[in-house]
Amino acid sequence: MTTAALPILPAAVAGARTARPRWERPALAGLLIATAALLLWDLGASGYANSFYSAAVQAGSESWKAFFFGSSDAGNSITVDKPPAALWPMMLSVRLFGLGSWQILVPQALMGVATTGVLYASVRRQFGPGAALLSGAAFALTPVAALMFRFNNPDALLTLLLTVTVYCLLRALEAAHTRWLVWAGVAVGFAFLTKTLQAFVILPPLAVLYAVCAPTGLRRRLGQLLLAGGAMVVAGGWWVAVVELWPASSRPYIGGSQNNSFLELTLGYNGLGRISGNETGSVGGGGAAGPGGAGGGGRWGESGIDRLFSGNIGGQISWLLPAALVLLVAGLVITWRARRTTDSVDGMARAAFLAWGGSLLITAVVFSYMQGIFHEYYTVALSPFVAALIGMGVAVLWEERGSAVAAVALSGTLALTAVWSYVLLGRATGYLPWLRWAVLVGGLLAAVALPFAGRVGRRVLRATAGLGVVAALAGPFAYCMTTVSTGHTGSIVTAGPAVAGSRGGPGGMMGGPGGPGGFGDMPQGGRDGGQQPGGALPQGAVPPGQAGQGQGAQGPGGMPGADGRGAERPGGFPGGMNGGMNGAGPGGRGGGAGGLLNGARVSTEAKAALTAGADSYTWAAAAIGSQNAASYQLASGVPVMPVGGFNGSDPSPTLEQFKEYVRDGRIHWFIGQGGTTTDAFEGGGRRGGGGPAGPGGGTSTEIENWVKATFKESTVGGATFYDLTAPTS
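Okay, so the sequence shown: first residue is 10 according to the working numbering, each after it adds one.
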């Protein structure tokens, strides 16, 4: 293939990168402004979003020690179950501007804008501004991206860093630049400090690509890769080294681990355990066995090649995924005869397809077959890979459309996208039925007309192509508008409308609108809740033992709002987990959803009790489970110890340590959960916040039982409080 045969690629030729068409800068500015507007729209509707991380942000804004370790509380009893890099931008924002929803979430939104910009810059270098704009728009309108860059989970920073990694690698490939390859290693290192081993998933295809295709000698290529690996180890390992060398007695417990070790957390619960399903200390305990597990996913849904297209997951990420796979193949076929090295236009084009495509494929395979915890929002990591392939593939086929094969491939890809959008839009019962048919008809018309439109005239060709782009993006755009028009709170969230019958369906584990056990109670898209620092923000979920009754707010133009719920699980969890986790079923404990997946509502009386004399204590209170503790901490602004960490399953503190804290007068209150300790998980778990059985589950139970037997009980604003300064005898 020659350069002349593919005229979209001369942007990669020396000197051409500075020759920008007049429309490019305004178009790029419009793309970035529109992305920012989408991600910042009504951002405060989500309140504290995931209170688990918001509590850590609040703690880090008050204590530099909590900042460094990523502690859940300013008393530094335990960390979150991830390294702290994703928390640092939010902590700095809150330190500068005070605690509130916008202060926590704006850094996340800005990461989304930055990811769009990096993706644009990368695609433009080889394929020109038109392809780059299409990639940027496809990324910004990916529903799960619109969700996660408005939320405070670590996935926003992870996605940005993965995009930066591919960009730096491609820059390095242009002329075997050591500096750019080292920067790629640095990006991966910080991605590790964001979400541990997930950062390494894309490394195999990228490392092989550089080792084979970089335009320099083999010895230098291998030396550069070793240098980049060293940079990755330094960038990601300095914090790990400090934590492992720091005396355990003077640092917080490493949340999510069973032996107070970050390395154990990395290789187990947060690492290889996600692949094998053997996640000691996680939700439901180790192992993936259980009903529904025959297909490979256990409690986290069926695994397999169709996982990313099925149920509610499809509506998060797969709108353009079939097209991206087809365009990857087309791009590789067109560029396959290029030289092995990347010192040519064609070689760099092929390298770009291999880099973005390899990252997509390996991540998709891992997500499809992993046996451990899998949430729909994890798929945001795929969004820049899909978007890049869309822009690159369309650009290549568009320039080759004079060939009958390329024209048919382009039309077929558009038709496939329209049909798949029709399928996805039909999964949400009653959701914009007119749009479903408009997308199908418009997409198929454009697909049929595209090979012949050029013969009629340039304007007709452009109009046909425009119709095709609109049809392809209309479905994800609608899902994005539904997503941003509704607040999202809790640990498990999804984009778009509720999808009936999907992984549990409305009224399943999390409940749909008004469904039993739902996190409803947010009739205005998550606005309902007690007063918190920074304004009227949601305190989280339903009160103890109550079922959710709320429904998402109506979106613009009559779009049904998302219901603020998390993702459902297949058929509910075994052993009554629905009721236990959500506080909706029989025996639902006082923490309600606050026991595990969301926080409890905090009354004015409870807030007053916590803040009274709080300066005399290291922790104003202790509560089982991080979400319960986070609700009280965010509402009162004083440290609350999360006994047992996120699930209540970590052995922190031990009963003896807790007794010592009480004897030393370091904790004022213990916030009870009511009821009796009951096995809720199949295999023996604790209902509503105690977490799975195991070392930590037993520790939390021991502490709770000792408190009940030793200290006076009182009711404060509907919650059960135990005064740890007032023993019964």
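Every residue, glycine too, gets a C-beta built ideally from N, C-alpha and C.
Asked                                                                                                        : Found
Sequence-distant residues of its chain with Cβ nearer than 8 Å to T663 (five each side left out)             : T708
DSSP-derived helix/strand/coil call for V652                                                                 : strand
Sequence-distant residues of the same chain with beta carbon closer than 6 Å to P331, five excluded per side : L425 and W429
Assigned exposure category for D673 - 16 Cβ within 10 Å defines buried                                       : exposed
Same chain, Cβ closer than 6 Å to Q233, neighbours up to 5 away in sequence not counted                      : T187 and L190
Residue span of the beta strand (DSSP E) that contains S723, given as start and end                          : F720 to V725
Span of the beta strand (DSSP E), counted from its first residue to its last, around D732                    : A728 to P736
Continuous alpha helix (DSSP H) assignments of at least 4 residues falling wholly in the region 212-298      : 212-222, 227-254, 271-276 and 282-285
Residue of G265, P93 and G323 minimising C-alpha distance to G246                                            : P93
Segment contact, 8 Å Cβ cut-off, at least three pairs: the region 238-255 with the region 194-214            : yes
Pair within 8 Å by beta-carbon distance, S110 and G53                                                        : yes
CB of A639 within 8 Å of CB of S63, strictly                                                                 : yes
Helix, strand or coil at A507 according to DSSP, with G and I counted as helix                               : coil
One or two residues paired with I676 in a DSSP bridge                                                        : W628
Between the CA atoms of G367 and L470 - distance to the nearest angstrom                                     : 33 Å
Distance between A718 and A483 (C-alpha atoms, nearest Å)                                                    : 60 Å
Cβ contact (3+ pairs, closer than 8 Å) linking the region 491-501 and the region 149-166                     : yes
Pair within 8 Å by beta-carbon distance, V395 and V210                                                       : no
Inter-residue CB distance, V115 and V66 (contact presumed, cutoff 8 Å)                                       : Not confirmed; about 12 Å, so no contact.
Alpha carbon of G137 to alpha carbon of R228, nearest angstrom                                               : 33 Å
Inter-residue spacing [alpha-carbon to alpha-carbon] between G265 and A480                                   : 44 Å
Same chain only: Cβ atoms within 8 Å of T627, ignoring 5 sequence neighbours per side                        : G84, P648, Y670, R675 and I676
For L733 and A56, the rounded distance between their alpha carbons                                           : According to the sequence shown, residue 56 is Gly rather than Ala. Near 31 Å, if we compare the C-alpha coordinates of L733 and G56.
Short Cβ contact (8 Å threshold) for F667 with I712                                                          : yes
Minimum length 4: unbroken alpha helix (DSSP H) runs contained in the region 391-439                         : 392-408 and 413-434
Cβ contact (3+ pairs, closer than 8 Å) linking the region 612-620 and the region 720-727                     : yes
Selection from A185, V338, W328 and F148 that minimises the alpha carbon distance to L169                    : F148
Distance, T344 Cα to L212 Cα                                                                                 : 23 Å
D82 and L274 closer than 8 Å at C-beta                                                                       : no
Residue span of the alpha helix (DSSP H) that contains F318, given as start and end                          : Run containing F318: none; DSSP gives neither H nor E here.
DSSP-derived helix/strand/coil call for T613                                                                 : helix
Collapsed DSSP secondary structure at I87 in the structure displayed                                         : strand
Three-state class that DSSP yields for I764 in the structure shown                                           : There is simply no residue 764 to check, as the chain begins at 10 and stops at 738 in what is shown.
Supposed contact pair T498 and A58 - C-beta distance, whole angstroms, cut 8 Å                               : 6 Å
Neighbour-count burial assignment, E408, 16 or more Cβ in a 10 Å radius                                      : buried
Reduced DSSP category for I113 - H, G, I as helix; E, B as strand; rest coil                                 : helix
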